[in-house]
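So the structure is just underneath, and the comments pick up after that.
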Amino acid sequence: MRELGREMAAGALREARERCAQDREFTLNGRRWHQLAGVVGSEYNTSTGLFAEWLPYEGAKSMLEMGCGCGVAAVTAAAAGCTEVVAVDINPHAVASARLNAERHGVADRVHCVQSDLFTEVDPQATFDLVFWNSPFIDHDVPRAEGDYFADHFFDPGYRLHDRFLSELPKRLTDQGRAFLGFSAAMGELDEVAAMARRHGLELRPFRSESFTVPHEEMGAAEVFRRAADEQGRVAIDLSLMELVR
Ligand SMILES: C[S@@+](CC[C@H](N)C(=O)[O-])C[C@H]1O[C@@H](n2cnc3c(N)ncnc32)[C@H](O)[C@@H]1O
Numbered sequence: 064m065r066e067l068g069r070e071m072a073a074g075a076l077r078e079a080r081e082r083c084a085q086d087r088e089f090t091l092n093g094r095r096w097h098q099l100a101g102v103v104g105s106e107y108n109t110s111t112g113l114f115a116e117w118l119p120y121e122g123a124k125s126m127l128e129m130g131c132g133c134g135v136a137a138v139t140a141a142a143a144g145c146t147e148v149v150a151v152d153i154n155p156h157a158v159a160s161a162r163l164n165a166e167r168h169g170v171a172d173r174v175h176c177v178q179s180d181l182f183t184e185v186d187p188q189a190t191f192d193l194v195f196w197n198s199p200f201i202d203h204d205v206p207r208a209e210g211d212y213f214a215d216h217f218f219d220p221g222y223r224l225h226d227r228f229l230s231e232l233p234k235r236l237t238d239q240g241r242a243f244l245g246f247s248a249a250m251g252e253l254d255e256v257a258a259m260a261r262r263h264g265l266e267l268r269p270f271r272s273e274s275f276t277v278p279h280e281e282m283g284a285a286e287v288f289r290r291a292a293d294e295q296g297r298v299a300i301d302l303s304l305m306e307l308v309r
């Protein structure tokens, strides 16, 4: 699994560096979105669209989207009635994209976009009814140039970010607050993150998932794709929204 995710993400990163090097727009979940140069989005948005559609926004007044990218879930939450949304990302181009998208969809008064390394720039007193992170769930790293944030989209070496996120999460939830992690068991190491969550008093439970299969040749020539294929030569990939329960 680890090898499959690494190989897929390494390929996606190579492509994204070229495809996401200029300002673009994309359509997702019935809305048009800005994607500034330096942010991964558009053709890499399958999980973005599904998770933003599946999150339970009902009754949530406040929401934190960690690692917001173009801010699709944050804007969707605001449009669904969340009145205090905070969208943060380490990537300044993502924060600027999310801000443009909040303006474009008429919710800029409710979506506060901030560049932040996880919770560092979030008001220390703030708690949220809903916290969501479509996380960089591949435990791997690549050389990173100064000012290049593409790898942050995919990779969390040693799951150190996940550990920091999970350690602070419980105190960032309101009494009835709920937290969700966007993940993939086929590409990431779900058991490792579940064990980490348990150490922070959280149980990782499946909330909703969708799977699809891809012919291994379409995924590339690497041996790992052939090894991961079933008898029909297809590789199964899941996109899983996991709930973190206290
Ligand atoms: C898989 S992408 C998800 C992006 C977007 N939410 C979406 O669904 O398309 C993971 C996001 O986490 C962000 N990220 C990585 N490290 C971070 C950190 N230390 N603090 C905040 N955001 C971070 C990345 O920049 C990226 O936007």
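For the record, in the sequence shown the residue sitting at position 73 is 136 according to my numbering, with numbers rising by one throughout.
Backbone N, C-alpha and C fix where the C-beta goes; we use that ideal spot for every residue, glycine too.
Whether P199 touches F218 by CB criterion (7 angstroms): Between P199 and F218, the CB-CB gap stays under 7 angstroms.
I300 beta carbon near ligand 1 (any heavy atom closer than 6 angstroms): Not one heavy atom of ligand 1 sits closer than 6 angstroms to the Cβ of I300.
So does C131 have its beta carbon nearer than 6 angstroms to some heavy atom of ligand 1? Yes, ligand 1 has a heavy atom inside 6 angstroms of this Cβ.
Between the Cα of V205 and the Cα atoms of L67, E66 and L76, which residue gives the shortest distance? Residue L76 holds the alpha-carbon nearest to the alpha-carbon of V205 among L67, E66 and L76.
Answer yes or no: the CB of D152 versus the heavy atoms of ligand 1, is any distance below 6 angstroms? The answer is yes for D152.
Relative to the alpha-carbon of Q85, which residue among L236, R95, M282 and V102 has its alpha-carbon at the smallest distance? The shortest C-alpha to C-alpha distance from Q85 to any of L236, R95, M282 and V102 is the one to V102.
For a minimum of 4 consecutive residues, which ranges assigned as the alpha helix (DSSP H) are wholly contained in the stretch 210-286? Segments of the alpha helix (DSSP H) lying fully in the stretch 210-286: 213-217, 223-231, 253-262 and 279-282.
Runs of beta strand (DSSP E) lying entirely within the stretch 156-208, each at least 3 residues, in chain order: Counting whole runs of 3 or more residues, the stretch 156-208 contains the beta strand (DSSP E) stretches 174-178 and 191-197.
Report the CB separation of V138 from N164 in whole angstroms; it is logged as a contact under 8 angstroms. That pair is a contact at about 5 angstroms.
Do N197 and ligand 1 come close, with the Cβ less than 6 angstroms from some heavy atom? Checking every heavy atom of ligand 1 against the Cβ of N197, one is found closer than 6 angstroms.
Distance between P155 and A141 (C-alpha atoms, nearest Å): Here the alpha carbon of A141 sits roughly 21 angstroms from the alpha carbon of P155.
With three or more C-beta pairs closer than 8 angstroms as the rule, is the stretch 220-240 touching the stretch 262-271? Touching, yes.
Span of the alpha helix (DSSP H) holding T111? Note, T111: alpha helix (DSSP H), T109 to W117.
Span separating the alpha-carbon of V158 from that of I201: So the alpha carbons of these two residues sit roughly 22 angstroms apart.
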